[in-house]
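Quick note on numbering: the sequence shown equals residues 7 to 106 in this note's numbering. Below is one structure; the comments refer to it alone.
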Amino acid sequence: MALEALVAFQHNNLDIYCTVASFCVLVYDFLLTRGEEIDLLWGTGWNVGKVLFFASRYPLVLDAAMLLYYHNAPTSTSPFICLLINQVAGCKGSQLLDIT
Numbered sequence: 007m008a009l010e011a012l013v014a015f016q017h018n019n020l021d022i023y024c025t026v027a028s029f030c031v032l033v034y035d036f037l038l039t040r041g042e043e044i045d046l047l048w049g050t051g052w053n054v055g056k057v058l059f060f061a062s063r064y065p066l067v068l069d070a071a072m073l074l075y076y077h078n079a080p081t082s083t084s085p086f087i088c089l090l091i092n093q094v095a096g097c098k099g100s101q102l103l104d105i106t
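Laid out in structure tokens, this is it:
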């Protein structure tokens with residue numbers, strides 16, 4: 007029983023470490039490309055490429071931030087908040103855009 011609990015604890019820690027590492031890489035990439043994004047996209051008109059770019063870039067930041075909160079949430083977090091985070095973090099991009 008104690009060994010199973012230790013293995014579960016280690017898997018949970020590994021999941022948290024991977025989430026934090028991926029969030030750091032995402033933020034690093036976001037900061038590196040922010041200037042080019044502003045120069046190349048913000049001054050132009052709306053087209054399909056621009057919509058796809060923004061639809062694929064910004065939901066990732068929200069998703070990663072919610073996953074970090076989910077992994078580090080205090081145990082006093084209400085069940086409603088946990089369910090909300092789980093539903094939003096588990097949502098696919100096609101569901102956000104309502105593409106079938």
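Just so you know, even glycine gets a beta-carbon here, dropped at the ideal spot from N, CA and C.
- Under the criterion of beta carbons closer than 8 Å, Phe36 and Leu74 do not qualify as touching, at roughly 15 Å.
- In this structure Ala70 is buried. Its beta-carbon is surrounded by 16 or more other beta-carbon atoms within 10 angstroms.
- With a cutoff of 8 Å on beta-carbon distance, Val67 and Leu38 are scored as not near each other.
- Take the alpha-carbon of Met72 and the one of Pro65: they are about 11 Å apart.
- Each residue's CA atom was taken as its position, placing Pro85 and Ile22 some 20 Å apart.
- In the structure shown, the three-state DSSP call for Asn53 is coil.
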